[in-house]
Amino acid sequence: MTGMGDPRTTWSLVDSAEIEADKQMTCGAAAEDPWRATMSHPTHSSTTPEDANRFGAIHVHLEHKKAADIDEVVYYVDGERRVYVPGSAEERNLVRKIDLHMFSCLSVLYLLNYLDRQNVGNAKVGGMAADLKLSSSDYSVVLLVFFPAYLLGSIPSNLVLARVRPSLYLPGITLVWGLIATMISQVKTKEALIGIRFLLGLVESGFFCGVLFLLSSWYRKAELAKRMAYFYSSAILSGAFGGLLAGGVITGLEGRMGIRGWRWLFIIEGSLTMFLSIIVVFILPDWPVDTKWLSQEEKALAAARIKADHVGTVGQKMSSWKATLSALADWRTYLFMFMFTMVTGAGTITYFVPTLTSNLGWTGNKAQFMTVPIYAVTLVFELLVPYSSDRFKERPYHVVAPACLAGLMYALSIGVKNHTAQYVFLCFGLGGTYGAFPVMLAWAPNVISYPNEKRAVSLASINMVANLASIYGAFLWPANDAPRYVMGLATTSAFCFAYALSAIAAKYLTAKYPYTFDFEKWGAEAESDEIIINEKAPT
Numbered sequence: 001m002t003g004m005g006d007p008r009t010t011w012s013l014v015d016s017a018e019i020e021a022d023k024q025m026t027c028g029a030a031a032e033d034p035w036r037a038t039m040s041h042p043t044h045s046s047t048t049p050e051d052a053n054r055f056g057a058i059h060v061h062l063e064h065k066k067a068a069d070i071d072e073v074v075y076y077v078d079g080e081r082r083v084y085v086p087g088s089a090e091e092r093n094l095v096r097k098i099d100l101h102m103f104s105c106l107s108v109l110y111l112l113n114y115l116d117r118q119n120v121g122n123a124k125v126g127g128m129a130a131d132l133k134l135s136s137s138d139y140s141v142v143l144l145v146f147f148p149a150y151l152l153g154s155i156p157s158n159l160v161l162a163r164v165r166p167s168l169y170l171p172g173i174t175l176v177w178g179l180i181a182t183m184i185s186q187v188k189t190k191e192a193l194i195g196i197r198f199l200l201g202l203v204e205s206g207f208f209c210g211v212l213f214l215l216s217s218w219y220r221k222a223e224l225a226k227r228m229a230y231f232y233s234s235a236i237l238s239g240a241f242g243g244l245l246a247g248g249v250i251t252g253l254e255g256r257m258g259i260r261g262w263r264w265l266f267i268i269e270g271s272l273t274m275f276l277s278i279i280v281v282f283i284l285p286d287w288p289v290d291t292k293w294l295s296q297e298e299k300a301l302a303a304a305r306i307k308a309d310h311v312g313t314v315g316q317k318m319s320s321w322k323a324t325l326s327a328l329a330d331w332r333t334y335l336f337m338f339m340f341t342m343v344t345g346a347g348t349i350t351y352f353v354p355t356l357t358s359n360l361g362w363t364g365n366k367a368q369f370m371t372v373p374i375y376a377v378t379l380v381f382e383l384l385v386p387y388s389s390d391r392f393k394e395r396p397y398h399v400v401a402p403a404c405l406a407g408l409m410y411a412l413s414i415g416v417k418n419h420t421a422q423y424v425f426l427c428f429g430l431g432g433t434y435g436a437f438p439v440m441l442a443w444a445p446n447v448i449s450y451p452n453e454k455r456a457v458s459l460a461s462i463n464m465v466a467n468l469a470s471i472y473g474a475f476l477w478p479a480n481d482a483p484r485y486v487m488g489l490a491t492t493s494a495f496c497f498a499y500a501l502s503a504i505a506a507k508y509l510t511a512k513y514p515y516t517f518d519f520e521k522w523g524a525e526a527e528s529d530e531i532i533i534n535e536k537a538p539t
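Numbering-wise, the sequence shown is residues 1 to 539 according to UniProt numbering.
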């Protein structure tokens, strides 16, 4: 709480026991919020609008109207009372501004992240396997070693992120992994390649789960799946763009300056990553209450709309140890762990897409270029399914339907020998797999929405354990299974049906046992009724 003479902007929020759908807050429409969370503590406002205006602050609070049993977010600017209206012109302008800054940065960084991670598959086809004398099992180890390192850094990284500026932290780790990716161009032995891939996994471990945490701190629950899709579409584009870039670089620069084409691939992509990470520092937002390019009113609106959705606000309210324990003691964390593990296991097929296309009759650069239509179909699914999920405020069946489609496509691929049919099944199989993925990314923070630190640990834990699937997934596609790859396709199909079933289970379990959090039990500071928008004090 701020003292009377504190020059910082102060605003307070009072939560009621019930949260209705957005339009009901202001228009009285009868609609129930399917992602309502129940707070296990009361909060109280102590700062008055008069105090706030006297000291140049913006005062915001939630008023509960008993007659209508609704909440209104109210804020005062220069003595004028304003009511937060979901979907207002002011909010739409703010969200567009956030989107522009957020995704101009995160989409580029994730595109580079996936390129730096996936280019090992393109390099393998482009001559790396022959130069380094990599057997099929050696290549699996090269893929495998990335993930134990990835597991080690996820939770610590998110706990650090919760306490620092994202605009410095996320580009910082991007700069380091770009440097490490560039170093791959200098490897002479498979042992060196394995060691550098381990370092790459350790540094990259904080990026994906950090972005999930950042997005869930800025967007309302009914906005999140689309934004996860915008972000994750970079992974799909990297598959298409990576194939084009790899084909062009490996062929066009082969032997230039005495350097093999596949080595040029790592040099170019790693250097580009380092360069762009520096630019992102000046654009990426921090948290809603302290992003420098937002006005005081925009900061208040950004934070108020998230608070109204019962999403934890940024600030240290739990120790790292308590946050970790509370996340690991919640059965919901393990439910989403299983779902993410299954979809991640299905997603390991992307590492072998260039190999699969080369076994369908295309070779060399043609095999690289034929990955592009696959990712184009995947991108359509990946954007449309989350859009529908947000539009209808529904998560489970938007996971089940594409998952079942993907499982069916992979199963059919086993039984046909026609290469064209196999290629079509592969397109729709990946489409179904990745159509469900952004919905799942939004579903977890929709459920485990507060407190802030628990959400950070839960998302990191889910992502960490899910990536275990990438370890054994790397061994599902041995070279001696070519050209049918029955084991890989059958297992991937099983993964898809498994996460479809787990989504149905999650639907009923989360409805029967709504999410609550006992702040007193975990020794945590209750979600504050006052949030301070940090402004530099005059000197």
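Just so you know, even glycine gets a beta-carbon here, dropped at the ideal spot from N, CA and C.
So, at 7 Å on beta carbons, what are the nonlocal neighbours of residue i in its own chain, with the 5 sequence-adjacent residues on each side left out?
i           : result
S40         : Interpretation of S40 is limited by its pLDDT of 39, a score under 50 that renders its predicted location unreliable; no figure is taken from the coordinates.
I173        : V203, G206 and F207
V281        : S167, L168 and P171
N418        : none
residue 540 : In this structure the chain extends from 1 to 539, so residue 540 is not present and cannot be described.
L253        : G261 and W264
M228        : L215, P386, P438, L441 and A442
I504        : P396 and V400
R197        : V142, V145 and F146
Output the distance between the C-alpha atoms of residue i and residue j, rounded to the nearest integer angstrom.
i    : j    : result
E298 : R395 : 29 Å
W522 : A506 : 25 Å
R305 : I250 : 49 Å
Q316 : G415 : Because Q316 sits at a pLDDT of 47, beneath the cut-off of 50, its placement in the model cannot be relied upon, and the following sentence gives the value as read from the coordinates. The alpha-carbon atoms of Q316 and G415 are separated by roughly 55 Å.
T375 : L152 : According to the sequence as given, residue 375 is Tyr; it is not Thr. Rounded to whole angstroms, Y375 to L152 spans 30 Å at the Cα level.
V211 : A130 : 37 Å
M337 : M128 : 35 Å
S277 : F497 : 38 Å
G261 : C105 : 29 Å
F340 : R81  : 45 Å
I155 : M464 : 8 Å
A511 : P438 : 21 Å
L143 : R332 : 30 Å
G195 : V145 : 8 Å
A347 : R96  : Note that residue 347 is Gly in the sequence shown, not Ala. Cα to Cα, the separation comes out at about 31 Å.
L325 : A302 : 30 Å
A37  : K221 : Per-residue confidence for A37 stands at a pLDDT of 41, beneath the threshold of 50, marking its modelled position as unreliable; no derived number is given.
Y334 : P386 : 23 Å
D309 : W321 : 26 Å
P373 : F392 : 29 Å
K307 : P451 : 11 Å
F103 : G435 : 19 Å
What's the call for residue i, buried or exposed, on a 16-neighbour Cβ count within 10 Å?
i    : result
Y114 : buried
N158 : buried
E453 : buried
A367 : buried
P285 : buried
N480 : exposed
S234 : buried
N93  : exposed
V486 : exposed
N359 : buried
E382 : buried
L224 : buried
I279 : exposed
T189 : exposed
T420 : exposed
V380 : exposed
G255 : exposed
F275 : exposed
Looking only at its own chain, which residues have a Cβ that is under 6 Å from the Cβ of residue i, when we skip the five neighbours before and after it?
i    : result
A500 : V400, A403 and C404
R165 : D286
S413 : Q422, F425 and L489
M342 : F495, A498 and Y499
Y410 : G429, L489, T492 and S493
F352 : W477
H101 : I283 and P285
L199 : I180
With a CB to CB cut of under 8 Å and the five nearest residues on each side skipped, what residues in its chain are close to residue i?
i    : result
G270 : D116, G178, L179, I180, A181, T182, M183, I184 and S185
Any heavy atom of the ligand ATP inside 8 Å of the beta-carbon of residue i?
i    : result
R484 : In terms of ligand content, the structure shown is empty, and the ligand ATP therefore cannot be addressed.
### Continuous beta strand (DSSP E) assignments of at least 3 residues falling wholly in the segment 281-364
Listed in chain order, there is nothing to give.
### Task
Write down every uninterrupted run of the alpha helix (DSSP H) in the segment 409-464 whose length is 4 residues or greater and which is fully enclosed by it, in chain order.
419-447
### Task
Return the chain-ordered ranges of every alpha helix (DSSP H) run that is complete within the segment 201-286 and spans a minimum of 4 residues.
Those alpha helix (DSSP H) runs which fall completely within the segment 201-286 and span 4+ residues are 224-252 and 261-280.
### Query
Can you give, in chain order, each stretch of the alpha helix (DSSP H) that sits fully within the segment 138-190 and has at least 4 residues?
The qualifying runs are 146-161 and 166-183.
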